[in-house]
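Here is the structure we will look at.
In this note's numbering, the protein residues as written are 128 to 356.
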């Protein structure tokens, strides 16, 4: 579920762990890892991971060649009547939201990197070098513009704090973030309204995801061929 390490491997999803000589104490918040963010993007909401489902977990501590294992029981609030099956259903639903949101955020990061590279090539092209160069310029400009259109539907770069968020329209990723927070904060299981909202959001996201895949595959291949020519 979650790994902390003094020798952190970020690619493996590990989180840093600071220790000093002697006794150390680490507090786990019983949350899954945070949702992957778009770097430098201000977000009016939380990307904190979802809560652990009640149940028995294994805690493993490794130090050099020494390993210790213990059990940890996460108990539900005794005041709620939510069943274990409902908690599991809620967890699966939240994991689905996280998967779509992270796919969106990674897509935004990738399209930004590609657009920067395309615009960098266009900036180095001199004018009046024939039809081949004109084709590169046309394809590159069209690709960069198309990537920006998709990006503007997914995230809002016009917000930088809690005041500017009032002036700029929310984009698709923020609705996923809000839905994740509302469902994760509920103690009475999953409601039909949340299911409907996710269906609606996916209906908006999937066409944009498919469009982005085409741009990052076919359109880039065409642009690269033109650059080679």
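We put the beta carbon where it would ideally sit given N, CA and C, even for glycine.
Tell me, to the nearest whole angstrom, how far the beta carbon of residue i is from that of residue j; I am working on the premise that it is less than 8 Å.
i	j	result
residue 263	residue 354	6 Å
residue 311	residue 228	About 12 Å; that fails the 8 Å criterion.
residue 160	residue 129	6 Å
residue 217	residue 316	6 Å
residue 181	residue 211	7 Å
residue 303	residue 328	6 Å
residue 224	residue 306	6 Å
Name the DSSP bridge partner or partners of residue i?
i	result
residue 187	196
residue 182	201
residue 127	Absent from the model: residue 127. The displayed extent of the chain is 128 to 356, so no value can be given.
residue 309	Per DSSP, none; premise fails for residue 309.
residue 158	178
residue 115	No information on residue 115 is available, as it lies outside the stretch 128 to 356 that the chain covers here.
From the DSSP output, in three-state form, read off residue i for me.
i	result
residue 231	helix
residue 333	helix
residue 151	coil
residue 275	helix
residue 137	helix
residue 262	helix
residue 225	helix
residue 326	helix
residue 173	coil
Please classify residue i as buried or exposed, where buried requires at least 16 other C-beta atoms within 10 Å of its C-beta.
i	result
residue 252	exposed
residue 150	exposed
residue 226	exposed
residue 162	buried
residue 300	buried
residue 321	buried
residue 177	buried
residue 147	exposed
residue 232	buried
residue 234	buried
Contact between the stretch 164 to 171 and the stretch 279 to 292 (3+ Cβ pairs under 8 Å): yes
Do the stretch 342 to 353 and the stretch 270 to 280 meet, that is, are 3 or more Cβ pairs less than 8 Å apart? yes
I'd like to know if the stretch 175 to 186 and the stretch 196 to 203 are in contact, where contact means that at least 3 CB-CB pairs between them fall below 8 Å. yes
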